[in-house]
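Colleague:
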Amino acid sequence: MEPKYIKEYKKPKRDKIWCIGPSSNYNKGKPYMGKRGNNVASVDVTQCSQWLDLLPKNSRVYACHGTLSCVEPIQLIELAMG
9 MEPKYIKEYK KPKRDKIWCI GPSSNYNKGK PYMGKRGNNV ASVDVTQCSQ WLDLLPKNSR
69 VYACHGTLSC VEPIQLIELA MG
């Protein structure tokens, strides 16, 4: 997310928002992936994924923004199942 949107989103959430990315363990090497900026995740993807796996169910939100993002059907099923 762009910094100005993060700043505005933090206001109603009282700064309880942590942005991670860009990262995708599923889409690596896919030809439709866009490349923007320095194309480096803000944190180590493996470490972040392990940390997210430790959190209780329903305690996190997945948000995917942008026109270059393609979510595969299997990913949608995984998201729907929580």
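In this note's numbering, the protein residues as written are 9 to 90.
All residues carry an ideal CB built from backbone N, CA and C; glycine is no exception.
I need the boundaries of the alpha helix (DSSP H) containing S57, first residue and last residue.
Modeller: Along the sequence shown, one-based indexing puts residue 57 at 49. Here the alpha helix (DSSP H) through S57 covers 53-62.
Colleague: Within its chain, find whatever has a CB closer than 7 Å to the CB of R68; leave out the 5 residues flanking it on each side and keep chain order.
Modeller: Mapped onto the sequence shown, residue 68 falls at position 60. If we look at R68 and ignore the five residues flanking it on each side, its Cβ neighbours are L60.
Colleague: Is K15 closer than 9 Å to K24 when the C-beta atoms are compared?
Modeller: For this step, residue 24 is matched to residue 16 along the sequence shown. For this step, residue 15 is matched to residue 7 along the sequence shown. No; because the gap between Cβ atoms is not below 9 Å, this pair is not in contact.
Colleague: What is the DSSP secondary structure of I25, reduced to helix, strand or coil?
Modeller: Residue numbering aside, residue 25 sits at position 17 when the sequence shown is read from its first letter. Coil at I25, not helix or strand.
Colleague: What number of angstroms, rounded off, separates the C-alpha of W26 from the C-alpha of I82?
Modeller: Taking the first residue of the sequence shown as position 1, residue 26 is located at position 18. Taking the first residue of the sequence shown as position 1, residue 82 is located at position 74. Their backbone Cα atoms lie some 25 Å apart in a straight line.
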